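Peer 1: Going line by line, the protein sequences match chains A and B. Take the first sequence: its letters are residues 1 to 664, numbered as in the numbering used here. Take the second sequence: its letters are residues 1 to 300, numbered as in the numbering used here. Think of the CB as a built atom: it goes at the ideal place given N, C-alpha and C, for glycine as much as any other residue. Note that the structure is a prediction, hence the values are computed from the model and not measured.
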Amino acid sequence: MGFLAPLFLAALAALAIPVLVHLTHKERKEPQVFPSLMFLQRIPFRTRRHQRIRHWLLFALRAAAVALLAAAFARPFLPRVGAEAGGGRSVIVLLDRSASMGAAGRWARAQREVRTAIDTLGPGTAVTLIAFDDRAEALARNSTDRTAIAGALARVSPGSAAGRFGPALRLAASLLEERGGAGEVVVVSDFPQRAWTGDEAGILPAGTHLTTRDVGDSALASVAVTSVVLEHTTDARTTVTARIVATGGRERTVPATLEVAGRDVQTVRVSTGPGEPALARFEALRDPEEPRRARVRVPADDLPADDAHHFVFGPAPRLPVLLVTRPGARAADALYLRQALAVARDPALPVTTRAANAVRAADLDAAAVIVLHDVPFPGGETGRHLLERIREGAGLFIALGAQGSLPGEIGTSIAPSLRPTDRAELGAAAAAAEPTHPVFSGWDGARGDPFAGSRTFRYRPLERARTALARFDDGTAALAAVRLGSGRALVWAADFANRWSDLPLQPGFVPLMHGAARWLAGYAPAPTAFAVGEVAELARPAAGALVLERPDGRREALDPEGPARVRLDASGFWLVRGAAARAQALLLAANVPTEESDPARLDPSRLGLAVAGGTVAAPPPRELAGPPAERERRQRLWWFMLATVLVLLAAETVIAQRTRGIIG
Amino acid sequence: MSARFLDPQVLARIDGLELLARTVVEGFISGLHQSPYHGLSTDFAEHRPYLPGDDIRRVDWRLWGRTDRFYVKEFEADTNANVVVLLDVSRSMAYGRTGVTKLDYGRYLAATLLYLSRRQRDRVGLVTFDRDVREVVPPSARHLERALHALERVEPGGPGGGGGTLGPPLARVMATIRRRSIMILISDLYEPPDALAESIGVLRGAGSDVIVFHVLDPSERAFPFDEPAPFEDLETGERMPVVPGDQAERYRALIEEHLATVARRMSETGLDYELTMTDRPLDYALLEYLTRRRALTRVR
Chain A
1 MGFLAPLFLA ALAALAIPVL VHLTHKERKE PQVFPSLMFL QRIPFRTRRH
51 QRIRHWLLFA LRAAAVALLA AAFARPFLPR VGAEAGGGRS VIVLLDRSAS
101 MGAAGRWARA QREVRTAIDT LGPGTAVTLI AFDDRAEALA RNSTDRTAIA
151 GALARVSPGS AAGRFGPALR LAASLLEERG GAGEVVVVSD FPQRAWTGDE
201 AGILPAGTHL TTRDVGDSAL ASVAVTSVVL EHTTDARTTV TARIVATGGR
251 ERTVPATLEV AGRDVQTVRV STGPGEPALA RFEALRDPEE PRRARVRVPA
301 DDLPADDAHH FVFGPAPRLP VLLVTRPGAR AADALYLRQA LAVARDPALP
351 VTTRAANAVR AADLDAAAVI VLHDVPFPGG ETGRHLLERI REGAGLFIAL
401 GAQGSLPGEI GTSIAPSLRP TDRAELGAAA AAAEPTHPVF SGWDGARGDP
451 FAGSRTFRYR PLERARTALA RFDDGTAALA AVRLGSGRAL VWAADFANRW
501 SDLPLQPGFV PLMHGAARWL AGYAPAPTAF AVGEVAELAR PAAGALVLER
551 PDGRREALDP EGPARVRLDA SGFWLVRGAA ARAQALLLAA NVPTEESDPA
601 RLDPSRLGLA VAGGTVAAPP PRELAGPPAE RERRQRLWWF MLATVLVLLA
651 AETVIAQRTR GIIG
Chain B
1 MSARFLDPQV LARIDGLELL ARTVVEGFIS GLHQSPYHGL STDFAEHRPY
51 LPGDDIRRVD WRLWGRTDRF YVKEFEADTN ANVVVLLDVS RSMAYGRTGV
101 TKLDYGRYLA ATLLYLSRRQ RDRVGLVTFD RDVREVVPPS ARHLERALHA
151 LERVEPGGPG GGGGTLGPPL ARVMATIRRR SIMILISDLY EPPDALAESI
201 GVLRGAGSDV IVFHVLDPSE RAFPFDEPAP FEDLETGERM PVVPGDQAER
251 YRALIEEHLA TVARRMSETG LDYELTMTDR PLDYALLEYL TRRRALTRVR
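1) So, are the CB atoms of R146 (chain B) and V136 (chain B) less than 7 Å apart?
2) Any heavy atom of the ligand SAH closer than 6 Å to the beta-carbon of A242 (chain A)?
3) Can a CB atom of chain A be found closer than 7 Å to the CB of P224 (chain B)?
4) Please report how far the alpha carbon of G485 (chain A) lies from the alpha carbon of A368 (chain A), in whole angstroms.
5) For T359 (chain B), count neighbouring Cβ atoms within 10 angstroms of its own Cβ and tell me buried if that reaches 16, exposed if not.
6) Looking only at DSSP bridge pairs, what is Q32 (chain A) linked to?
7) Mind checking if V242 (chain B) is an interface residue toward chain A, Cβ cutoff 7 Å exclusive?
8) Measuring only the C-alpha atoms, how far is G124 (chain A) from P6 (chain A)?
9) Rounding to the nearest angstrom, what Cα-Cα distance links S222 (chain A) and R252 (chain A) in this structure?
10) Please confirm if the segment 87-102 of chain A is in contact with the segment 166-186 of chain A, defined as three or more CB-CB distances below 8 Å between the two stretches.
11) In angstroms, rounded to a whole number, what distance separates the CA positions of R58 (chain B) and D209 (chain B)?
12) D54 (chain B) and K73 (chain B) - do their beta-carbons sit closer together than 7 Å?
13) Is any beta-carbon of chain A found at less than 7 Å from that of L254 (chain B)?
14) With DSSP run on the structure shown, which of helix, strand or coil describes D209 (chain A)?
15) Quick one: residues in its chain with C-beta nearer than 6 Å to the C-beta of G314 (chain A), no 5 flanking neighbours on either side, listed in chain order?
16) Between which two residues does the alpha helix (DSSP H) holding L216 (chain B) run?
17) Can the beta-carbon of V359 (chain A) be found less than 7 Å from the beta-carbon of T382 (chain A)?
18) Does DSSP classify R49 (chain A) as helix, strand or coil?
19) Mind checking which residues open and close the beta strand (DSSP E) that includes L372 (chain A)?
20) CA-CA distance, L87 (chain B) and F231 (chain B)?
21) Which of the three DSSP states, helix, strand or coil, is assigned to G248 (chain A)?
22) By the criterion of Cβ-Cβ separation under 7 Å, what are the contact partners of Y190 (chain B) in chain A?
23) Buried or exposed: which applies to R286 (chain A), given that a residue is buried once 16 or more other Cβ atoms fall within 10 Å of its Cβ?
24) Using a Cβ-Cβ cut-off of 8 Å (strictly less than) and excluding sequence neighbours within five positions of A126 (chain A), which residues of its own chain qualify?
25) Tell me which same chain residues have a C-beta within less than 6 Å of the C-beta of A65 (chain A), skipping the five on either side of it?
26) Would you mind stating whether F39 (chain A) and L275 (chain B) have Cβ atoms separated by less than 7 Å?
27) List the residues that DSSP assigns as beta-bridge partners of K73 (chain B).
28) Between P205 (chain A) and V245 (chain A), is the Cβ-Cβ spacing less than 7 Å?
29) Given a cut-off of 7 Å on the beta-carbon distance, is the pair R391 (chain A) and L364 (chain A) in contact?
30) Assign R471 (chain A) to buried or exposed, taking buried as 16 or more other Cβ atoms, counted over all protein chains shown, within 10 Å of its Cβ.
31) Give the secondary structure of W574 (chain A) by DSSP, where H, G and I count as helix, E and B as strand, and everything else as coil.
32) Taking C-beta pairs closer than 7 Å, name the residues in chain A that D233 (chain B) reaches, listed in chain order.
33) What's the call for A14 (chain A), buried or exposed, on a 16-neighbour Cβ count within 10 Å?
34) Any beta-carbon of chain B closer than 7 Å to the one on R49 (chain A)?
35) Between which residues of its own chain and W670 (chain A) is the CB-CB distance below 6 Å, once the five residues before and five after are set aside?
36) Out of curiosity, what's the CA-to-CA distance linking A348 (chain A) and A430 (chain A)?
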């Protein structure tokens, strides 16, 4: 027999009361008159005879009543009665192993709750143990082998991923449906608010009984490093800024340490409190020549998983630009363009200027973006090589000007007019036709049109441009986009020398050039860090397989036939290498999702009501939750015990009245 | 003989001691095969019709010869003995657990004995006492009603009436009744046997015959108590905690020893002694009395 509230059994000490009553009868207050006391001896009350228990039947009734009363309040239940001890019953236990479960004491409580839930089941009850974070994994399926289940429970530990109820409940639902519908599900978790997305409502089959075991606590005090921002400066230095968030407790000052390649570089102190994030700014560091492992950490606390943020500290990204001008052109012709590109950061756009007749293949190979400014498209080998580079992925930006021309593949789709249109008096106004195009990404809508204020006095209409990103006020295309192989090309109908158009003088010119360069090069910033659970897309090598080195040092080869991507399921640094000996490694950093540091918690009863389609009652309080509480509620042994107590007391009253001399 | 009217608990319902006494005595006598009346005087008083049970020797044959009817002769009782009932009315006599106290039982017994004695032509008297003499009805042929009235009014242990011994009141009785009498003592005799024998023996001083009725409640012998309680002495008001159990057995042994000693000492002193329990029908006591009375007559 088990008890839900065993502390009430301490009331069994009250059994001493009937014992004392029967041992120490009080003297009756009313005197017994007697003709003469000459034969009676005066004797003290506490004699050996007096301390013997008298009236054993009454004593037994009273002791039984007290014992039953204490047992009834202890909420008894029989763990193995009736059908519960037999087969056919199945219980699914969902164990949260998300990062927040690694907080002090939570995992031990969770394992204890799981063991308790399983121990109170009958031996014939099959148990399915599912561990979940943002994914769900069945550690034991429909097993009655308690030893195997205990072993599986001992092997699982909190991970680094975020917790989500959805996957676990979906897996439980599928298992229940395999067995014909409703069943019993026990959820052991710290019930973070973030784990509930709202999509879990009604997942479980109707009639499923879900009970919750909350192992969380609201008194958690933790300081987390939630993110790191790298700012590259023009002098090849980088400033690291970390965001520090405190949860629980009071405001406190903690040291934040920047660690690069395993060495502590800087430490700053930051003050933070609940709801008051702080920034830890470190002095600028010189950019390394190659990516380094770096992290910002704070001292260990109740939740160690979020005490450090890992990131890749590497050189600033660069997109080399080759600017091709007319031979003998004035330097001022390309001044605006060069200056606009030179101020670019993240990525930097270093410019190499070449006269059209001096362009070499190496120049083309080194450039991510080639700009042809008022020059004809190169002919011969240079022209072919340039086209090949474009097809391979390089970008081409052509400002037509007076002498510009297009290669055949591009010219046929755009067909620029050979005869310029003169708008000398007032100039033509241009406007973005597709303002959401990535070319305009550096220019948000709040600042108006990228071409606002510009006047173009002469231009060569792009008569057949199918993708016009901007148009003049006469409707002709001003900026056209075209794809060629893997590469991209943009064609501007005027020039950037402030002769045909004053666009270079307008505020929108610089962000327009930066956006154009990034789009043309197909640039996407490499993340300095991932969140655990995210998938990193990898570049498949030309030959051989990719080898993955996990944060714990284990290595595994990716399937060469499968997709070149990896799911980062643990925090720390990941290394991806090509099979070739000299292949360059790709360094990735993964961190515990920031939401795991969020202390907001979900009311477990809400989960119980929602996921089972509202067909079950709210789960009982934590200390009464789970199968024992349900079993106790169904058996109602306390009711029978109290009824028995009443019967015993009634019998005691009758017997005591019939037995003279009993102290009632 | 019907015991219906002799059960003390039934008698307790009868209002009026005279009626009670008549009921008992007449019922008792009608059950006897031989008339208990014995006229001891030779002074003729009157004739009365013969009644079944009358001694045929007392039939007046001459009168039968003249009238052809049986008459017996009645004689004046001026030569009959004094019968004095000494009733202990101390507080201890107020005890009783069977519905009838020892004092009630003593009153019934005294009334019936007085009535019976008066029917026997004896002069009857009554003395009630506790530590001192409380009331005296001198023996007389006309004092039956007075004695019964005194019995009606008797209360246990008046002011200062508790405790004490039999010696002083009995000595005072002997100072007032100098004529040879039949003394009937009704008491619970809570005194040491030797003291009792000495006190009661005084009654024999004038050559009187003494019959002692030792009245006890059954619980005074059986001691059926099992609850610890303070026991209060009815005589003195003294209290003491008593835990029955082993003590009950010891008490029973002591009381039996006391009764045996009292009976022996009474016999040694020449006193007629009869132990009477209050649950015992009165006819036993009456029969005992008549037996003693007849023996006394023969002796005389």
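Peer 2: According to the data block:
1) Taking the first residue of the second sequence as 1, we reach residue 146 (chain B) at position 146. Taking the first residue of the second sequence as 1, we reach residue 136 (chain B) at position 136. It is not a contact, given that the beta carbons lie outside the stated cut-off.
2) As for the ligand SAH, it is missing from this structure, which has no ligand bound.
3) Position 224 of the second sequence, counted from the start, is the residue given in the question as residue 224 (chain B). Judged by the 7 Å Cβ criterion, P224 (chain B) is not in contact with chain A.
4) Taking the first sequence and counting its residues from 1, the one referred to as residue 485 (chain A) is at position 485. Taking the first sequence and counting its residues from 1, the one referred to as residue 368 (chain A) is at position 368. Cα to Cα, G485 (chain A) sits roughly 15 Å from A368 (chain A).
5) Nothing in the structure corresponds to residue 359 (chain B), since chain B is present only between 1 and 300.
6) Locating residue 32 (chain A) in the first sequence gives position 32, where the first residue counts as 1. In the DSSP output, where bridge partners are listed per residue, Q32 (chain A) has B:F231.
7) In the second sequence, residue 242 (chain B) corresponds to position 242, counting from 1. True, the Cβ-Cβ gap to chain A drops below 7 Å.
8) To locate residue 124 (chain A), count along the first sequence from 1; it is residue 124. To locate residue 6 (chain A), count along the first sequence from 1; it is residue 6. Approximately 26 Å, taken between the alpha carbons.
9) Stepping through the first sequence from its first residue, residue 222 (chain A) is reached at position 222. Stepping through the first sequence from its first residue, residue 252 (chain A) is reached at position 252. Computed Cα separation, rounded: 10 Å.
10) A contact exists between the segment 87-102 of chain A and the segment 166-186 of chain A.
11) Counting from one through the second sequence, the residue named residue 58 (chain B) turns up at place 58. Counting from one through the second sequence, the residue named residue 209 (chain B) turns up at place 209. C-alpha separation (whole angstroms): 27 Å.
12) To locate residue 73 (chain B), count along the second sequence from 1; it is residue 73. To locate residue 54 (chain B), count along the second sequence from 1; it is residue 54. Taking 7 Å as the Cβ cut-off, K73 (chain B) and D54 (chain B) do not qualify as a contacting pair.
13) Here residue 254 (chain B) corresponds to residue number 254 of the second sequence, with the count starting at 1. Taking Cβ atoms only, chain A reaches closer than 7 Å to L254 (chain B), which makes this a yes.
14) Taking the first residue of the first sequence as position 1, residue 209 (chain A) is located at position 209. Residue 209 (chain A) is actually His in this sequence, not Asp. In the structure shown, the three-state DSSP call for H209 (chain A) is strand.
15) Locating residue 314 (chain A) in the first sequence gives position 314, counting from the first residue. P291, listed in sequence order.
16) Counting from 1 along the second sequence, the entry for residue 216 (chain B) is found at position 216. Per DSSP, L216 (chain B) is not a residue of any alpha helix (DSSP H); the beta strand (DSSP E) it occupies stretches across D209 to L216.
17) As a first step, residue 359 (chain A) is located in the first sequence; it is residue number 359 there, counting from the start. As a first step, residue 382 (chain A) is located in the first sequence; it is residue number 382 there, counting from the start. A contact, by the Cβ cut-off of 7 Å.
18) For the purposes of this step, residue 49 (chain A) is identified with residue 49 of the first sequence, where counting begins at 1. Residue placement at R49 (chain A) cannot be trusted, given a pLDDT of 46 that sits under 50; what the coordinates show is reported in the next sentence. Note: R49 (chain A) maps to coil in three-state DSSP.
19) As a working note, residue 372 (chain A) is residue 372 in the first sequence. Per DSSP, L372 (chain A) belongs to the beta strand (DSSP E) from V369 to H373.
20) Position 87 of the second sequence, counted from the first residue, corresponds to residue 87 (chain B). Position 231 of the second sequence, counted from the first residue, corresponds to residue 231 (chain B). Computed Cα separation, rounded: 25 Å.
21) Residue 248 (chain A) sits at position 248 when you count from the first residue of the first sequence. In this structure, G248 (chain A) counts as coil in the three-state DSSP scheme.
22) Counting from 1 along the second sequence, the entry for residue 190 (chain B) is found at position 190. Within 7 Å Cβ-Cβ: P35, S36 and M38.
23) Position 286 of the first sequence, counting from 1, holds the residue named residue 286 (chain A). Answer is exposed; the Cβ neighbour count stays below 16.
24) For the purposes of this step, residue 126 (chain A) is identified with residue 126 of the first sequence, where counting begins at 1. Annotation for A126 (chain A): G87, R89, S90, V91, N142, S143 and T144 place their beta carbon closer than 8 Å to its own, counting only its chain and skipping 5 residues before and after.
25) As a position in the first sequence, residue 65 (chain A) is number 65, starting the count at 1. So the qualifying residues of the chain are V645, L648 and L649.
26) Within the first sequence, residue 39 (chain A) is the residue found at index 39, counting from 1. Within the second sequence, residue 275 (chain B) is the residue found at index 275, counting from 1. Cβ atoms of F39 (chain A) and L275 (chain B): not closer than 7 Å.
27) By one-based count along the second sequence, residue 73 (chain B) stands at place 73. Partner(s): B:H47.
28) On the first sequence, residue 205 (chain A) is found 205 positions in, with the first residue counted as 1. On the first sequence, residue 245 (chain A) is found 245 positions in, with the first residue counted as 1. In this structure, V245 (chain A) does not lie closer than 7 Å to P205 (chain A) by Cβ.
29) Locating residue 391 (chain A) in the first sequence gives position 391, where the first residue counts as 1. Locating residue 364 (chain A) in the first sequence gives position 364, where the first residue counts as 1. Cβ distance not < 7 Å, so R391 (chain A) and L364 (chain A) don't count as in contact.
30) For the purposes of this step, residue 471 (chain A) is taken as the residue at position 471 of the first sequence. Buried, because 16 or more other Cβ atoms sit within 10 Å of the Cβ of R471 (chain A).
31) Counting from one through the first sequence, the residue named residue 574 (chain A) turns up at place 574. It is a strand residue.
32) Residue mapping note: residue 233 (chain B) aligns to position 233 of the second sequence, counting from 1. Residues of chain A whose Cβ lies closer than 7 Å to the Cβ of D233 (chain B) are, in chain order, F34, S36 and L37.
33) Residue mapping note: residue 14 (chain A) aligns to position 14 of the first sequence, counting from 1. Exposed.
34) Counting from 1 along the first sequence, the entry for residue 49 (chain A) is found at position 49. Reliability of the predicted coordinates at R49 (chain A) is poor, the pLDDT of 46 falling under 50, and the value obtained from them is presented with this limitation in mind. Judged by the 7 Å Cβ criterion, R49 (chain A) is in contact with chain B.
35) The structure shown does not extend to residue 670 (chain A), since chain A spans only 1 to 664, so no value can be given for it.
36) On the first sequence, residue 348 (chain A) is found 348 positions in, with the first residue counted as 1. On the first sequence, residue 430 (chain A) is found 430 positions in, with the first residue counted as 1. Computed Cα separation, rounded: 28 Å.
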